[in-house]
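> Below are the structure tokens for one structure; questions will follow.
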Amino acid sequence: MPLSNTATPKYYGMFRDQVLRGQIPVCEPISLQMNRIDARIKDPRFFYDQESVDAWIEFCENELTLTNGQDLHLLDTFKLWGEDLWGWYEFEPRSVFVPDPSGHGGRYENQMVRKRLTRRQYIIVARGNAKTVYAGCNQGYGLVVDPDTTFQVSTGPTMKQGELTLDSLTTAIQRARGPVFKFMTMGKKHNTRGTQNDKRALDTTKKGIENHLTNSLLTVLPMSIEKLQGWRSKYSTVDEWLSCDIREDPIGALDQGAGKVIDPWIIATSSEGTIRNGIGDTIKQELMDILKGEYENPHVSIWWYKMDDISEIANPNLWVKACPNLGKTIQYSEYQDEVERMEKNPSARNDILAKRFGIPVEGYTYFFTYEETLPHRPKSYYGMPCAMGCDLSQGDDFCAFTFLFPLKNGKFGVKTRSYITTRTFNLLPYAARLKYEEFLRENSLVIMEGTILDMMQVYDDLDRFIISQDYDVRCLGYDPYNAVEFVERWARENGGFGIEKVIQGAKTESVPLGEIKKLSEDRVLLFDEALMSYAMGNCIVLEDTNGNRKLYKRRRDQKIDNVAALMDAFIAFKINKEIFD
Numbered sequence: 003m004p005l006s007n008t009a010t011p012k013y014y015g016m017f018r019d020q021v022l023r024g025q026i027p028v029c030e031p032i033s034l035q036m037n038r039i040d041a042r043i044k045d046p047r048f049f050y051d052q053e054s055v056d057a058w059i060e061f062c063e064n065e066l067t068l069t070n071g072q073d074l075h076l077l078d079t080f081k082l083w084g085e086d087l088w089g090w091y092e093f094e095p096r097s098v099f100v101p102d103p104s105g106h107g108g109r110y111e112n113q114m115v116r117k118r119l120t121r122r123q124y125i126i127v128a129r130g131n132a133k134t135v136y137a138g139c140n141q142g143y144g145l146v147v148d149p150d151t152t153f154q155v156s157t158g159p160t161m162k163q164g165e166l167t168l169d170s171l172t173t174a175i176q177r178a179r180g181p182v183f184k185f186m187t188m189g190k191k192h193n194t195r196g197t198q199n200d201k202r203a204l205d206t207t208k209k210g211i212e213n214h215l216t217n218s219l220l221t222v223l224p225m226s227i228e229k230l231q232g233w234r235s236k237y238s239t240v241d242e243w244l245s246c247d248i249r250e251d252p253i254g255a256l257d258q259g260a261g262k263v264i265d266p267w268i269i270a271t272s273s274e275g276t277i278r279n280g281i282g283d284t285i286k287q288e289l290m291d292i293l294k295g296e297y298e299n300p301h302v303s304i305w306w307y308k309m310d311d312i313s314e315i316a317n318p319n320l321w322v323k324a325c326p327n328l329g330k331t332i333q334y335s336e337y338q339d340e341v342e343r344m345e346k347n348p349s350a351r352n353d354i355l356a357k358r359f360g361i362p363v364e365g366y367t368y369f370f371t372y373e374e375t376l377p378h379r380p381k382s383y384y385g386m387p388c389a390m391g392c393d394l395s396q397g398d399d400f401c402a403f404t405f406l407f408p409l410k411n412g413k414f415g416v417k418t419r420s421y422i423t424t425r426t427f428n429l430l431p432y433a434a435r436l437k438y439e440e441f442l443r444e445n446s447l448v449i450m451e452g453t454i455l456d457m458m459q460v461y462d463d464l465d466r467f468i469i470s471q472d473y474d475v476r477c478l479g480y481d482p483y484n485a486v487e488f489v490e491r492w493a494r495e496n497g498g499f500g501i502e503k504v505i506q507g508a509k510t511e512s513v514p515l516g517e518i519k520k521l522s523e524d525r526v527l528l529f530d531e532a533l534m535s536y537a538m539g540n541c542i543v544l545e546d547t548n549g550n551r552k553l554y555k556r557r558r559d560q561k562i563d564n565v566a567a568l569m570d571a572f573i574a575f576k577i578n579k580e581i582f583d
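Residues 3 to 583 (the working numbering) make up the sequence shown, in order.
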């Protein structure tokens, strides 16, 4: 079939019909992607080529294998994704050198040149959907079929993760089940002494996988801008970019490096992650803007599978919204086991919600469950007695204060006040910046001018805040790190009674953390600020073999400082409980 700017793609048409008949439920992002494809079909600028898609499918099913060596038969989802990657083209004017018929010299002419439409493809899908095998299928096709000399990159959170994309391709090379691989693997493996004719055309080496016919290389690189930028890779795959702790955009680095290459693509595959407000969330916000049509970018293909609401997990018929290959690459029974585990083990809840159902949640929440981090209705504690905890930390980091108000019936009110510098705020990734702006609007976060926090300026602002709210601070719990100057001034101006030093460690923290956990489970910690919810959502607690606990600050940008300050305030309250009677 020749190029057509009116034809409906074969596999997308089959998928759309099943969706319209109600056979396949889809989530909102997939529905929006379908709208984009429908609009593309009607757009005369874009052309569909069925032959290019069929060639890719034929290569994969005749030559490639699964990682365990079994013959590969492409899933319907693979054909749908691959069609979106290989099937669409556009024509653009380009200056092309035309040699002179005499063989001497030539000239440049402006011609309309066919160009692949899709340059970046994002696939966000639940764990167990063989997305890494799909990435390997495309890398293998580019390495073997492309007549140009290409440099190809596979990357992941670790080098081993990046190598997983190559595993199925490596197995296929060893098996050589199809005619192309049989021809390209004739000869001696790793031949260094014989003639060039005895050398394999396609082989695995220390560099990666090499095609000696075109001098092309598929290699694994670390997922960091320092290692990825500058490589002019034509075909690149990025695995699990949402699941790891990265502050840089590896996809953007690869995209910039491929700027001088003709018809490059990048496939970014990942399951949803539990690390919030980083570069991954920033990219997802851009993808959602594209899906909603807030700005047009036809060069990006987005297949984002997820549950639309947490309540849908109770309906197994809707699990396919997050796991389109359910029953093929992963069984219903395994999903059912995960749902039951989530109910019995709250500490694993958020990881299961993210990895199996595509529902992003705040942080790992190993200590506090998702329900425990939900804010209560707004409440004022004007003029009430309280205990204050402070976690001053480093001068260029968070400086956190938490106020604990003893109430009737064993309940406690909680308010927060935290400080950062303008430098810290300006260095935040876009998604984290939006989160911090929410804290600024609710007045739980204050930005101080400068590069390093001046503790005396912090003290002055905090003092004004306490006076404006008429808080009766009767005791103070503090972590001694970087707190000497602040505490000495507090003692001079408010008296030394009720000041308690809280040394960090399992010996000090274990009991109060256990009691705070019980209070949060019973929903008697009455906090109403997003900053406190955010800190609780990021809270991870280490527990040794004796059951002793201590707070674990996993990353500097995963803020739990206000939870630490809450613990300090709670310890000070327990020591000085009689002054609250």
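Built from N, CA and C at the ideal position, the CB exists for glycine as well.
Return helix, strand or coil for residue 511, following the three-state DSSP convention.
Three-state DSSP puts residue 511 in a helix.
> Within the same chain, show all residues whose beta-carbon is closer than 7 angstroms to that of residue 577, passing over the 5 residues directly before and after it, in chain order.
Closer than 7 angstroms at the Cβ level, and outside the excluded window around residue 577, lie 502.
> Which of the three DSSP states is assigned to residue 365 in this structure?
Residue placement at residue 365 cannot be trusted, given a pLDDT of 39 that sits under 50; the coordinates are not used to answer.
> Indicate whether the contact test is met: 3 or more Cβ pairs, each with one atom in the segment 290-298 and one in the segment 30-37, closer than 8 angstroms.
Cβ pair count under 8 angstroms is three or more, so yes.
> By how many angstroms is the C-alpha of residue 299 removed from the C-alpha of residue 367?
Here residue 367 scores only 40 on pLDDT, less than 50, and its place in the model should not be relied on; the value that follows carries that caveat. Spanning the two alpha carbons is a distance of roughly 36 angstroms.
> Go through its chain and collect everything with a Cβ distance to residue 115's Cβ below 6 angstroms, but skip five positions before and after it.
If we look at residue 115 and ignore the five residues flanking it on each side, its Cβ neighbours are 96.
> Opposite residue 271 in the DSSP bridges: which residues?
Per DSSP, 125, 241.
> State yes or no: is the beta carbon of residue 120 nearer than 7 angstroms to at least one beta carbon in chain D?
The structure shown contains no chain D; it is built from a single protein chain.
> If I measure Cβ to Cβ from residue 526 and keep anything under 7 angstroms in the same chain, skipping five residues before and after, which residues do I get?
If we look at residue 526 and ignore the five residues flanking it on each side, its Cβ neighbours are 412, 413, 414.
> If contact is defined by three or more beta carbon pairs under 8 angstroms, each pair taking one atom from either stretch, is the segment 131-148 in contact with the segment 81-94?
The answer is yes - the segment 131-148 touches the segment 81-94, with three or more Cβ pairs under 8 angstroms.
> Would residue 47 pass as a contact of residue 92 if the rule is Cβ separation under 7 angstroms?
Result yes, Cβ atoms of residue 47 and residue 92 sit closer than 7 angstroms.
> Straight-line CA distance for residue 45 to residue 238?
Their backbone Cα atoms lie some 28 angstroms apart in a straight line.
> Per DSSP, what kind of secondary structure is residue 2 in: helix, strand or coil?
This structure cannot speak to residue 2, because the chain is shown only from 3 to 583.
> Look at the Cβ atom of residue 418, then the Cβ atom of residue 540, and state whether they are nearer than 7 angstroms.
Against a cut-off of 7 angstroms, the Cβ pair of residue 540 and residue 418 comes out as no contact.
> Taking only runs of the alpha helix (DSSP H) that begin and end inside the segment 6-64, which ones reach a length of at least 4 residues, in chain order?
Whole alpha helix (DSSP H) segments, 4+ residues: 12-22, 30-44.
> Tell me the DSSP secondary structure of residue 562 in three-state form.
Reduced to three states, the DSSP call for residue 562 is coil.
> Assess, as a yes-or-no matter, whether the segment 325-337 is touched by the segment 124-138 under the definition of 3 or more beta carbon pairs within less than 8 angstroms.
Yes, the segment 124-138 touches the segment 325-337.
> With contact counted as at least three CB pairs below 8 angstroms, one residue from each stretch, are the segment 352-362 and the segment 449-461 in contact?
Too few Cβ pairs lie closer than 8 angstroms, so no.
> Please state if the CB of residue 134 and the CB of residue 303 are separated by a distance shorter than 7 angstroms.
No, the Cβ-Cβ distance between residue 303 and residue 134 is not below 7 angstroms.
> Contact between the segment 215-234 and the segment 243-263 is defined here as three or more beta-carbon pairs at a separation below 8 angstroms; is this criterion met?
Yes, the segment 215-234 touches the segment 243-263.
> Using a Cβ distance threshold of 8 angstroms, determine whether the segment 211-228 contacts the segment 144-160, with at least three qualifying pairs required.
The segment 211-228 vs the segment 144-160: in contact.
> Taking the C-alpha atoms as reference points, what is the distance between residue 332 and residue 321?
In a straight line, the C-alpha of residue 332 is about 12 angstroms away from that of residue 321.
> Is it right to say residue 110 is buried, meaning 16 or more other beta carbons lie within 10 angstroms of its own, or is it exposed?
The residue in question, residue 110, is exposed, as its Cβ has fewer than 16 Cβ neighbours within 10 Å.
> Residue 107 by DSSP, collapsed to three states: which one?
In this structure, residue 107 counts as coil in the three-state DSSP scheme.
> Of the residues 376, 474, 485, which one's Cα is nearest the Cα of residue 456?
Considering only alpha carbons, the answer is 485.
> With DSSP run on the structure shown, which of helix, strand or coil describes residue 572?
Three-state DSSP puts residue 572 in a helix.
> What did DSSP end up calling residue 324 once you bin it into helix, strand or coil?
Looking at residue 324 - three-state DSSP - the assignment turns out to be coil, as it is neither helix nor strand.
> Any contact of the segment 251-269 with the segment 170-180, i.e. 3+ C-beta pairs under 8 angstroms?
These segments do not touch.
> For the beta strand (DSSP E) holding residue 402, just list the boundary residues, first then last.
Start and end: 401-408.
> Does residue 186 pass the burial test, meaning 16 or more other C-beta atoms within 10 Å, or should it be called exposed?
It counts as buried.
> Report yes if the C-beta distance between residue 77 and residue 63 is below 7 angstroms; otherwise report no.
Their beta carbons are not under 7 angstroms apart, which means residue 77 does not touch residue 63 by this criterion.
> Quick one: what's got a C-beta closer than 6 angstroms to residue 20's C-beta in the same chain, skipping five residues either side?
Excluding residues within five positions, the ones whose Cβ falls inside 6 angstroms are 26.
> Relative to the C-alpha of residue 7, which candidate in 18, 167, 51, 489 has its C-alpha closest?
Here the closest residue by C-alpha is 51.
> Quick one: what's got a C-beta closer than 6 angstroms to residue 446's C-beta in the same chain, skipping five residues either side?
Contacts found: 418, 531, 533.
> Whole angstroms are fine: how far does the CA of residue 147 sit from the CA of residue 71?
Using only the alpha carbons, I get a separation of about 21 angstroms.
> Can you give me the Cβ contacts of residue 407 inside the same chain, cut-off strictly under 6 angstroms, excluding the 5 residues immediately before and after it?
383, 386, 388, 415.
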